[in-house]
Amino acid sequence: MTDEPTSLEDLPGVGPATAEKLQEAGYTTIESVAVVSPRVLASDADVGEQTAAKIISAAKQAADIGGFETGDIVLERRKKVGKIKTSSETLDDLLGGGVETQSITELYGEFGSGKTQVAHQLAVNVQRQLEDGGLEGSALIIDTENTFRPERITQMAEDIEMDAGEVLSSIHVARAYNSNHQMLLVEKASELADDLRESGKPGRLLVADSLTAHFRAEYMGRGTLADRQQRLNKHMHDLMRFGDLNNTAIVVTNQVQSKPDAFFGDPTRPIGGHIVGHTATFRIYLRKSKGDKRIARLVDSPHLPDGEAVFSVTTPGIRD
Ligand code: GTP
Ligand code: MG
C-alpha cells in the first residue's frame, strides 16, 4: 500500500464538495488538475487561489505527467507494435498490414458504412494467433450507442472455427451513458488492462464506438463548441496514452455531418474535425458502395500512401 493520492479526494484541500465541483468541471484525474493554473482551478472549483495552488502542487507531485525518454527506449517500445488483420486483404494492405497497436485508427463515415462491423471483426481477430493475423489478446469496447451484438461475434468467430463462447468471454464491453461517463471509462479500462496483463490475454484492442456521438448530442443546444473540442481532445489523448502504455490498438468510430458549404468534393466531414483528425494516426473514410461492398480510403496518413480499398460486409464478417 502507498499513501500516494489516487483520486481527487485524496488531494489535500479537496473535500467531497470540491471533488464534485471538479468532476463537474471536467477534471476527472489528478493529472488533469496538475496541469492547470491556480486561477483557473480556483474559479472552476470555487475555492481560493491559495487553496487552488496547494491542490495543484499536491497533484503535480502525485501525477504521472510523463517526461523525456531516450530514443532507444522509444525504439524498444516501437518494436512491440503489433498489427491486427481485418479479414480483408485489401483493407489490410491499405493500412500497411492491419490495425496497429500504439496508434489510434479512426473509422469515419455515414450510417451503415461498416464502422461497427469492422470493429466487431477486429474484436474477434485480435484474439487469433499471431500467425493468423491476431495478437492473442483481449478486446475492450466502449459502446456508446448500444450497438455491440454478441450474436454477430458468434457468427464471425464460428466461421473461422473459433470457440464463440471463449471469444465472447475475452471481449469486455462497457456502455457509456454520456460523454463524462465515456471519459471515465478509459480509467476503468486501465484497471482492467492491468488485470488482463496478469491473465495472459492482454488488452490489445480498445474500441470507442462511437467516439463522438455523446459529445455531439450534448453540445447540440448548450455549451460552446470550444468546450466540446477541448474535452474531446483530452479524451483522445487519454486513449492515445492508454494505447502507448498497454501496447493496445485504439479504434474509434466517427459519423460524418453534412457540410452544406462544400460545393466541391464530398460534402461531408467527420465530427470533431481537426481535433480528432490530428490525434488519430490513421483515418479511414468508409463509404457505401453496391450491395455489401464498402470503399475505404486512407486520409492524410503521415507514413502510408493515400489509397482506396474495396471490401465487403458479409454474413461471416469482413471479407475482400
Ligand atoms: P452507424 O453506427 O449507424 O453510423 O453505422 P456503421 O458505420 O457502424 O454501420 P454498421 O457497421 O453497423 O453497418 C451496418 C451494415 O452492415 C448493414 O447495413 C449491413 O449491410 C451490414 N451488416 C450488419 N450486420 C450484418 C450481418 O449480420 N450480416 C450481413 N451480411 N451484413 C450485416
Ligand atoms: Mg455503428
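In terms of numbering that gives the first Met the number 0, the sequence shown opens at residue 0 and continues consecutively. Built from N, CA and C at the ideal position, the CB exists for glycine as well. All values derive from a computational prediction rather than experimental measurement.
Helix, strand or coil at residue i according to DSSP, with G and I counted as helix
i, result
"F281", "strand"
"K233", "helix"
"Q120", "helix"
"N385", "Residue coverage of the chain in this structure runs from 0 to 319, which leaves residue 385 outside it and unanswerable."
"I317", "strand"
"A192", "helix"
"A248", "strand"
"R240", "helix"
"L204", "strand"
"L184", "helix"
"K59", "helix"
"V80", "coil"
"H302", "coil"
"S311", "strand"
"A173", "strand"
"I294", "strand"
"K287", "strand"
"V46", "coil"
Whole-number beta carbon distance between residue j and residue i, since they are thought to touch under 8 Å
i, j, result
"I249", "T104", "7 Å"
"T100", "V80", "5 Å"
"N145", "R127", "With a Cβ gap of about 26 Å, N145 and R127 do not count as contacting."
"V206", "I140", "5 Å"
"A192", "T143", "That belief does not hold up - the Cβ atoms of A192 and T143 are roughly 20 Å apart, past 8 Å."
"T278", "L210", "Not really, about 10 Å apart at Cβ, beyond 8 Å."
"R76", "S137", "R76 to S137, Cβ: 20 Å. No contact."
"L297", "I283", "6 Å"
Residue i beta carbon near the ligand MG (any heavy atom closer than 8 Å)
i, result
"T211", "no"
"T89", "no"
"T104", "no"
"E99", "no"
"F241", "no"
"D291", "no"
"T85", "no"
"F110", "yes"
"T27", "no"
"E144", "yes"
"T5", "no"
"T17", "no"
Any non-hydrogen atom of the ligand GTP closer than 8 Å to residue i Cβ
i, result
"F67", "no"
"L285", "yes"
"E157", "no"
"V117", "yes"
"S288", "no"
"D208", "yes"
"K114", "yes"
Own chain residues within Cβ distance below 6 Å of residue i, not counting five before or after
i, result
"E109", "V255"
"F214", "S178, R227, L231"
"M235", "T278"
Any C-beta of chain C under 9 Å from that of residue i
i, result
"G25", "Reference to chain C is not applicable here, since this structure consists of a single protein chain."
Cβ-based neighbour list, residue i, same chain, cut-off 8 Å, excluding 5 preceding and 5 following
i, result
"A216", "none"
"T1", "Any reading at T1 must be qualified, since the residue scores a pLDDT of 45, below 50, and its modelled position is unreliable; the value itself is stated next. Counting only Cβ-Cβ distances below 8 Å, and skipping sequence neighbours, we find nothing."
"I152", "H119, A122, V123, A163, V166, L167, I170"
"L10", "P4, I29, V32, I54, A57, A58, A61"
"F241", "V185, A188, S189, A192, L205, T247, I249"
"E326", "The structure shown does not extend to residue 326, since the chain spans only 0 to 319, so no value can be given for it."
Sequence-distant residues of its chain with Cβ nearer than 7 Å to residue i (five each side left out)
i, result
"Q86", "One detail in the question is off: residue 86 reads as Ser in this sequence, not Gln. Cβ neighbours of S86 beyond the five flanking positions: Q120, N124, G316, I317, R318."
"G113", "L285, R293, V312"
"A33", "I55, A58, K59, A62, I64"
"D91", "K84, T85, G97"
"L183", "T27"
"S300", "F281"
### Query
In chain order, which beta strand (DSSP E) runs of at least 3 residues are fully inside the region 12-43?
none
### Query
Of all the alpha helix (DSSP H) runs that stay within the bounds of the region 100-149, which reach a length of 4 or more residues?
114-124
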